[in-house]
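Trainee: Please read through the structure below; I'll follow up with questions.
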C-alpha cells in the first residue's frame with residue numbers, strides 16, 4: 288500500500304481582521320478517512336481550500352506527501368483531487384467532455400475511459416453522458432465530479448460536503464468506493480454536516496469550532512472522553528451549536 292501523508296501545521300488564516308483558523312494542527316496517514324466536523328463558519332471549507340492550494344494561509348502550512356502547498360504548490364497538487372462544496376463545471380461541456388478534460392489535465396491512460404463508463408453505469412448517469420452539463424440535476428453533477436476524482440485515483444482526496452443532492456443508493460455506492468480507495472492507501476479528508484456519513488465511513492474525526500481543533504480521535508474515543516452517548520451529543524457539547532448538525536440516517 289502506498290504511504291501517503293497529509294500534515295496541517297500551525298495553520299492560521301485571517302480574512303481582513305477576522306480570525307478564521309487559529310493555529311490548526313492535524314496529521315493524517317495512508318488509508319485514513321478523516322471526518323472534519325463542526326458548525327457553519329467553523330473553518331472547515333477554508334481549511335480544505337488552503338489544503339487544495341486555492342487560497343493561501345496567513346501563516347502555517349499544509350504538507351502533502353512531503354511537499355509544501357505554499358512553497359511547492361505544483362508538486363503538492365499532483366497528489367490531490369478536490370470535490371468542492373459548490374463544484375463549477377463548464378456548462379456547455381457534456382459529461383464525457385468533462386472526463387476527457389480530466390484525463391488530459393492529469394495525463395491519464397486511456398484505460399480510465401472504460402473505468403469512467405463503468406462508473407456512469409454504476410451511478411445511473413449513462414443516459415446523461417451526451418447532455419450538456421447545464422441541463423443536468425445537482426445530483427447528477429455531483430456524481431460526475433466524484434467520477435472525475437475516482438478516475439484520477441489521487442493520493443489524497445479532499446471533499447467538502449460530499450452528499451449534497453445525492454439519492455441514498457448513489458450515496459451508498461460512493462461511500463463504498465471511498466472505503467475502497469482508503470484500503471488502497473488514499474487519504475480521504477472529508478468535511479460534512481451529515482453525521483451518518485461520519486459514523487459510517489470515517490476512521491477518525493476532528494471537531495473544529497471557531498477555527499480551533501476542539502477534539503480529535505475515533506468516535507468511540509470522542510464519546511468516552513466527553514462522557515456523552517453518541518457523536519451528535521459530543522458535537523453539541525464541544526461546540527454548543529445544537530442547531531447546525533444533521534444527524535439524519537438518510538441523505
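In our numbering, the protein residues as written are 288 to 538. Backbone N, C-alpha and C fix where the C-beta goes; we use that ideal spot for every residue, glycine too.
1) Can you find the residues in the same chain that come closer than 8 angstroms, C-beta to C-beta, to residue 343, ignoring five residues on each side of it along the sequence?
2) Rounded to the nearest angstrom, how far is the Cβ of residue 441 from that of residue 473, given a contact under 8 angstroms?
3) Within a Cβ cutoff of 7 angstroms, which residues of the same chain sit near residue 506, ignoring the five residues on either side of it in sequence?
4) Could you tell me whether the Cβ atoms of residue 416 and residue 383 are closer together than 7 angstroms?
5) State the DSSP-derived secondary structure class of residue 369, mapped to helix, strand or coil.
6) So within the stretch 401-466, which uninterrupted alpha helix (DSSP H) runs reach at least 4 residues, ignoring any that extend past its ends?
7) Helix, strand or coil for residue 323 per DSSP?
8) Taking the alpha-carbon of residue 297 as reference, which of 328, 334 and 318 has the nearest alpha-carbon?
9) Pull up the DSSP beta-bridge partners for residue 470, would you.
10) Could you pull the start and end residues of the beta strand (DSSP E) that residue 299 belongs to?
11) Let me check understanding here. Comparing Cα to Cα, which of 408, 372, 350 and 370 lies closest to residue 362?
12) Here's a check: name, in chain order, each residue in its chain whose Cβ is nearer than 6 angstroms to the Cβ of residue 531, leaving out the five neighbours to either side.
13) In its own chain, which residues sit with a C-beta less than 6 angstroms from the C-beta of residue 432, not counting the 5 before and 5 after it?
14) So is residue 339 buried or exposed if we call it buried at 16+ other beta carbons inside 10 Å?
15) Going along the chain, which residues of its own chain have a beta-carbon closer than 8 angstroms to the beta-carbon of residue 494, five neighbours each way excluded?
16) Between the Cα of residue 372 and the Cα atoms of 389, 387, 450 and 381, which residue gives the shortest distance?
17) How would you call residue 538, buried or exposed, if buried means at least 16 neighbouring beta carbons within 10 angstroms?
18) Following the continuous alpha helix (DSSP H) through residue 482, name the residue where it begins and the one where it ends.
19) Spatial neighbours of residue 389 within its chain, please: C-beta separation below 6 angstroms, excluding the five flanking residues on both sides.
20) Going by beta carbon distance, what residues of the same chain come within less than 8 angstroms of residue 419, once the five residues before and after it are set aside?
21) Secondary structure at residue 346, three-state DSSP: helix, strand or coil?
22) Got a sec? Which residues, its chain only, sit under 8 angstroms from residue 466 by beta carbon, not counting five neighbours each side?
Mentor: For this structure:
1) Scanning its chain for C-beta atoms nearer than 8 angstroms, with the 5 sequence neighbours on each side dropped, one finds around residue 343 the residues 337 and 357, in chain order.
2) That pair is a contact at about 7 angstroms.
3) Counting only Cβ-Cβ distances below 7 angstroms, and skipping sequence neighbours, we find 486, 492 and 518.
4) At a Cβ-Cβ threshold of 7 angstroms, residue 416 and residue 383 count as neighbours.
5) Of the three classes helix, strand and coil, the one that applies to residue 369 here is strand, per DSSP.
6) Unbroken alpha helix (DSSP H) runs of no fewer than 4 residues, entirely contained in the stretch 401-466, are found at 425-439, following chain order.
7) Strand, per DSSP.
8) Per the Cα distances, 334.
9) Paired residue(s): none; residue 470 is not in a bridge.
10) Residues 292-302.
11) Of the listed residues, the one whose Cα sits closest to residue 362 is 350.
12) Confidence at residue 531 is low in this model, with a pLDDT of 48, below 50, so its placement is unreliable and no value can be given for it.
13) So the list reads 370 and 374, once near-sequence residues are dropped.
14) Label assigned to residue 339: buried.
15) Only 324, 325, 500, 501, 502, 503, 509, 521, 522, 525 and 526 meet the Cβ criterion.
16) Among 389, 387, 450 and 381, the Cα nearest to that of residue 372 belongs to 450.
17) Bear in mind that a pLDDT of 35 at residue 538, under 50, signals an unreliable position, so the number given afterwards is only what the model happens to contain. Buried is the call here.
18) Where residue 482 is concerned, the enclosing alpha helix (DSSP H) stretches over 482-488.
19) 435.
20) The residues are 378, 379, 380 and 381.
21) In the displayed model, residue 346 falls within a strand according to three-state DSSP.
22) 320 and 488, listed in sequence order.
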